[in-house]
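>
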Amino acid sequence: MNVQTPAYQAPDDQVEWLGMDPIPAAAYYDPDYFELERKAVFMRSWLVIGHVSEVAEPGSFIRRELEFAKASLLIVNGKDGVIRAFHNVCTHRGTQLVEEAGGKASSFLCPYHMWNFGYDGKLRSAPDFERFHVTKEECSLPKVAVDVCAGLIFVNLDPSPKQGLREYLGSYAEELETLPVAKATTFSEYVYEIDANWKITYDNFQENYHLRFIHPSTGAATISPDNAFGYPVSYGFNGPHRTQQIWSNPAPTITPMQRLAFGKAVGFAMADGLIGGRNDRSYFAVFPSFFILGTPTQHFSHVVYPLSATRSRGVIRIYWVGEDDSASKRFAREYALAMVRDIHSEDVNVIARGQKGLNSGALKHIHFMSMEGLCRHLYLTVNDMVEAYKTECKAAGEVA
Amino acid sequence: MSGTSSLLPAGFEALEPFVDRWAIAGTANRAQRRTDSSDAERVAFFDAAREVVGPALAQLDQKPLNQLDDKEKCLMNLMLSFAHVAMAVEVQGAAEARHAQFRQLMQITRTPADVDA
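Top line first, the protein sequences correspond to chains V and D.
Count along the first sequence starting at 1, add 532, and that's the number in this note's numbering.
Count along the second sequence starting at 1, add 1204, and that's the number in this note's numbering.
1) Could you say if the segment 1260 to 1267 of chain D and the segment 1310 to 1321 of chain D meet the contact criterion of at least three C-beta pairs nearer than 8 Å?
2) Do you know offhand how far V/Phe900's Cα is from V/Phe574's?
3) Please classify D/Gln1271 as buried or exposed, where buried requires at least 16 neighbouring CB atoms within 10 angstroms.
4) Can you find at least 3 beta carbon pairs, one from the segment 865 to 876 of chain V and one from the segment 903 to 912 of chain V, that sit closer than 8 Å?
5) Between D/Gly1297 and chain V, is any beta-carbon pair separated by less than 8 Å?
6) Can you find the residues in the same chain that come closer than 7 Å, C-beta to C-beta, to D/Val1275, ignoring five residues on each side of it along the sequence?
7) Run down chain D in chain order and give the residues with a C-beta less than 8 Å from the C-beta of V/Asp812.
8) Examine chain V for any beta-carbon lying closer than 8 Å to the beta-carbon of D/Pro1213, and answer yes or no.
9) Quick one: measure Cβ to Cβ for V/Gly582 and V/Ile594, integer angstroms, because I've assumed they're closer than 8 Å.
10) Go ahead and pull the three-state DSSP assignment for V/Phe900.
11) Can you tell me the Cα-Cα spacing of V/Cys622 and V/Gln628, whole angstroms?
12) What residues of chain V sit near D/Val1257, judged by a beta carbon separation below 9 Å?
13) Could you list which residues in chain D have their beta carbon closer than 7 Å to that of V/Met552, in chain order?
14) Is the beta carbon of V/His876 closer than 8 Å to that of V/Pro712?
15) In this structure, does DSSP put V/Pro526 in helix, strand or coil?
16) V/Asp564 to V/Pro556, Cα distance in whole Å?
17) According to the neighbour-count rule (16 or more other Cβ atoms, all chains shown, within 10 Å of its Cβ), is V/His897 buried or exposed?
18) Which chain D residues sit within Cβ distance under 8 Å of V/Val836?
19) May I have the straight-line CA-CA distance separating V/Gly502 from V/Ala884, to the nearest angstrom?
20) In the structure shown, what three-state DSSP assignment does V/Cys681 receive?
21) Check whether the segment 793 to 804 of chain V touches the segment 841 to 850 of chain V, counting contact only when three or more Cβ pairs, one atom from each stretch, lie closer than 8 Å.
22) Going by other Cβ atoms of all chains shown within 10 Å of its Cβ, with 16 needed for buried, is D/Ala1301 buried or exposed?
23) Along the beta strand (DSSP E) that carries V/Val818, what are the first and last residues, could you check?
24) Residues of chain V with CB closer than 8 Å to the CB of D/Gln1311, please, in chain order.
25) Reducing DSSP to helix, strand and coil, say where V/Pro823 ends up.
26) Beta-carbon within less than 6 Å of V/Ala658's beta-carbon, same chain only, minus the 5 sequence neighbours each way: which residues are those?
27) In chain order, what are the residue ranges of uninterrupted beta strand (DSSP E) at least 3 long that sit wholly in the segment 732 to 805 of chain V?
28) Tell me which same chain residues have a C-beta within less than 6 Å of the C-beta of D/Arg1246, skipping the five on either side of it?
29) How about V/Ala841 and V/Phe600: are their beta carbons less than 8 Å apart?
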């Protein structure tokens, strides 16, 4: 007996609550609006900055630049196994302490006057220190709030974050922990910078409306006559965060070498116990600008860091559990990288064109249809935070 | 001629003409070679390698990666380049040239294959 695949039904009703109003275009290019976003959103939210596999051993560290905050951060795994984050600045006269992008160190030595800091950020020694008339305790590296969920390292630049990371993530904390990223030991990574606002950049990856037009070959497996745009099965919302369940194409069009590589990838993921979880087809968007796809064979995350109102940096990682231990696994991973990178390369051109079109201010509004509801949710969430920040500043007698 | 290859394990002599251009260490280097190559180069390599990618990986799978000898490493790197070339020939097809300009923006910074490349 044949089992009929149920006809696809788009989840329009799940985004009705967001409304259908046009969206002010200025939010996507105006430097003044960006400045409000910077203060109201990015200086106060938990942001993905790395993965525990990058600082796996005591004494290992990474340096990360957050240009929107003019901040250089040092993330360190201490002897006690605790991951700490600091501003990467010598407390003597402000010299950038660490120049390397990452590595392992026994301590952090400022080259200027040899102030020496421990993994815990405390000043261990400084030549002729008696002449400063301050205590070493007063000279510790400035701390940055840091926490880990699902192996992902988050920081919050607010000196006193209003929520801890778990509270911030809500129910997604538990869901993220079910993903391979929580067990990942390594990753493939590619990075891009683009002349586009962070929301324009990020929004491209929140909707499938463009798939059939921008990815006619690379995205062939994501569409079918039953679901011609490859829309998701469902949407979900969790405070500022959002999710969608990716539709499974019952008869995907794939090429012979894709079949070879995917076949190997599925075999390895099954052997590693990574397939069959409740989030294999989930997409989690963690506010403001991180998302991760649950698919075990192409388990990629994407974070967009704003550089200015109209420039952003994207970091894409495919997380892997275990090192390459066979030629076939290495081949499958190389192919997965080539494929995901090809898809994202097709996106960047239209993203930049989107920015070019908006910059003149000729458009006062843009439009999101129901299947672009996640984009609308992002704007509404950001704008609520911007408005709340303005109110807060007004109440405090400050200029927002 | 059924001569043995001085560069590749026995049985893979047909790939020897591609070693110079495609047996490359490092994922970013392999991706760049894809972009720098001509349509004809990619198609010739694809046509030759697709016939042997299955047996090649099966043979290489017999050993831990860190115990591959120089000929096996060479074959491994050829197969990894093939992954990139397969995307170009099989998936992108005529769109490859236009596509390559946007791909340049996506800078590969690390992969597991780079660890012992």
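Even for Gly, the Cβ is constructed at its ideal location relative to N, Cα and C.
None of these values were measured; they are calculated from a predicted model.
A quick look at the data gives this:
1) no
2) 24 Å
3) exposed
4) no
5) yes
6) Looking at the sequence shown, residue 1275 of chain D is not Val but Lys. Excluding positions up to five away in sequence, the list reads Leu1211, Leu1212 and Pro1213.
7) Result: empty, since nearest Cβ-Cβ is about 22 Å, beyond 8 Å.
8) no
9) 6 Å
10) coil
11) 6 Å
12) Met789, Leu792 and Phe863
13) Ordered by position in chain D, no residue passes the 7 Å Cβ test against V/Met552, which lies about 32 Å from the chain.
14) no
15) Since the first residue of chain V shown is 533 and the last is 932, residue 526 of chain V is not available in this structure.
16) 14 Å
17) exposed
18) Going along chain D, no residue has its Cβ under 8 Å from V/Val836, so there is no contact; the nearest lies around 14 Å.
19) For chain V, the structure presents residues 533 to 932; residue 502 of chain V sits outside this window and is missing.
20) strand
21) no
22) exposed
23) Ser814 to Val818
24) Tyr722, Val723 and Tyr724
25) Note on identity: in this sequence residue 823 of chain V is Phe, with Pro being the wrong assignment. Note: V/Phe823 maps to strand in three-state DSSP.
26) Trp647
27) 766 to 770 and 773 to 777
28) Val1289, Ala1292 and Val1293
29) no
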